[in-house]
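Residue numbers (the working numbering), protein chains in the order written: chain A, 110 to 394; chain B, 1088 to 1249.
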């Protein structure tokens, strides 16, 4: 595990280093995923680019057009943020189910997303909230829907020299409730076997679903929208039978693999269970 | 190539020469002789390496030593004074929360982080705080009892550890 350790103090410097050492360098923020991968020899970077000393990347701020979260915001800060608890509680709920306290103190939102595990804890809820990823490059900046941020297991959409700097979220529509549920062997400290985020908007004063987003984690190469399942419920009056049908479609839509944590069959079963539970919890709020 | 860094550990500044890939856990143990912090899973799962950095519990096996500059690091050796155990340490002894002792420093540091932030934790809060600390011996019950006995409320009522 030998590498050179570089500490840029500006975004420009970081991008320049990443461009120069493209393919040989890895960004380190909290390091909780990266160091494990390096020790396992899954990756062997020659350079670690520590962006932890770049100022002004750690923030949660409300602006007129919604919420902006800096890439270096720790998972623990997301979990504990009074602002998020009040306005976007599902983000805190998801963050609180990642690892353990110590991991959450070290790990960052940017790291969780750029590590791009299919089971990334923060992804389903943020995708369900239609979050956008602001990426800077030597040529400028671009904003990408978070739904399109993930290319494959462990692979994000970032190109040479690019850095994720911010996640942007529009205000939640009125009468919208969101829930993120994670199923894992020993609770939060294990990677998710299945993660389900349900964001449900009801017609005011009724049980009719105006809109719904269902996002599944750990059951496809990337976090995925369960679009067919959403179609079952969108625009209709929600009752138990409809929820059951929606849950079944979500399970059918999912594309899990069998791995050390669970079998494909079991994951599909748990998609059904968690989707049903998440929708019920969302509308009960 | 090694570089010289200054680490502030248990209130004392220490200069060490480290390779960039050395973890804080390794440096505490091998360069500073503070072997109370244990290295076990090296993947951030077991919590035996838990120390406090700026008051927050961290997995020192996943923290590069170079990243720990200019921060207040507190290890198990930093608790108690003049050879006398701190109330939290005493509580672990009194409640039989220590068997082999390997998880104990990490458990106590995690508990200290909790009690410093939440002086009157519920049992659920205690269990959440030590969720990242694995114990193969005790079954956790006595550990939880020891930590709860150190809550501010219990201490004020004259029970628990003084």
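Ideal Cβ placement from N, Cα and C applies to all residues, glycine included. All values derive from a computational prediction rather than experimental measurement.
Around the beta carbon of residue 233 of chain A, 16 or more other beta carbons sit within 10 angstroms, so the residue counts as buried. Residue range 184-189 is occupied by the alpha helix (DSSP H) that includes residue 186 of chain A. Comparing alpha-carbon positions, the option among A:383, A:223, A:245 and A:308 lying closest to residue 280 of chain A turns out to be A:308. Closest option to residue 336 of chain A, judged by alpha-carbon separation, among A:151, A:195 and A:236: A:236. Rounded to the nearest angstrom, the gap between the Cα atoms of residue 139 of chain A and residue 1218 of chain B is 19 Å.
Pairing residue 246 of chain A with residue 275 of chain A gives a Cβ-Cβ distance that is not under 7 Å. A check of alpha carbon separations from residue 1235 of chain B across B:1099, B:1126, B:1197 and B:1089 identifies B:1197 as the nearest. Residue 331 of chain A is outside the set of residues whose beta carbon lies under 7 Å from a beta carbon in chain B. The beta carbons of residue 277 of chain A and residue 196 of chain A sit no closer together than 7 Å. Shortest Cα-Cα distance from residue 228 of chain A to any of A:299, A:283 and A:219 involves A:299.
Within chain A, 144, 145 and 148 have C-beta atoms less than 9 Å from the C-beta of residue 1129 of chain B, given in sequence order.
In this structure residue 321 of chain A is buried. Its beta-carbon is surrounded by 16 or more other beta-carbon atoms within 10 angstroms. In the structure shown, residue 152 of chain A falls within a coil segment according to DSSP collapsed to helix, strand and coil.
Residue 1207 of chain B places its beta carbon 7 Å or farther from that of residue 1243 of chain B. Residues of the stretch 200-221 of chain A with a Cβ closer than 8 Å to any Cβ of chain B, in chain order: 208, 209, 210, 211, 212, 214 and 215. Of all residues in the stretch 290-311 of chain A, the ones placed with a Cβ closer than 8 Å to any Cβ belonging to chain B are 296, 297 and 298, in chain order. Interface criterion not met: the Cβ of residue 124 of chain A is under 7 Å from no Cβ in chain B.
If you ignore the 5 residues before and after residue 1187 of chain B, its C-beta comes within less than 6 Å of the C-beta of 1224, all in its own chain and listed in chain order. Sequence-distant partners of residue 163 of chain A (beyond 5 residues in either direction) whose C-beta falls short of 7 Å from its own C-beta, in its chain, are 117, 118, 119, 120 and 123. For residue 1219 of chain B, a Cβ of chain A is located within less than 7 Å of the residue's own Cβ. Contact with chain B is absent for residue 156 of chain A, since none of that chain's Cβ atoms lies less than 7 Å from the residue's Cβ. The closest CA to that of residue 1096 of chain B, considering only B:1161, B:1145, B:1089 and B:1148, is found on B:1161. Within chain B, 1131, 1146 and 1149 have C-beta atoms less than 8 Å from the C-beta of residue 141 of chain A, given in sequence order. Beta-carbon to beta-carbon, residue 151 of chain A and residue 167 of chain A are separated by about 27 Å, too far to satisfy the 8 Å threshold. At least one CB of chain B lies nearer than 7 Å to the CB of residue 110 of chain A.
Residue range 1228-1235 is occupied by the alpha helix (DSSP H) that includes residue 1235 of chain B. Counting C-beta atoms within 10 angstroms of its own C-beta, residue 1193 of chain B has 16 or more neighbours from the protein chains shown and is therefore classed as buried.
Counting only runs that start and end inside the stretch 1140-1200 of chain B, the alpha helix (DSSP H) elements of at least 4 residues fall at 1174-1181. The distance from the Cβ of residue 383 of chain A to that of residue 303 of chain A is about 6 Å, consistent with a contact at the 8 Å cut-off. Taking the Cβ atoms as the reference, residue 1108 of chain B lies roughly 6 Å from residue 111 of chain A, within the contact range of under 8 Å. Within the same chain, and ignoring the five residues on either side of residue 296 of chain A in sequence, no residue has its Cβ closer than 7 Å to its Cβ.
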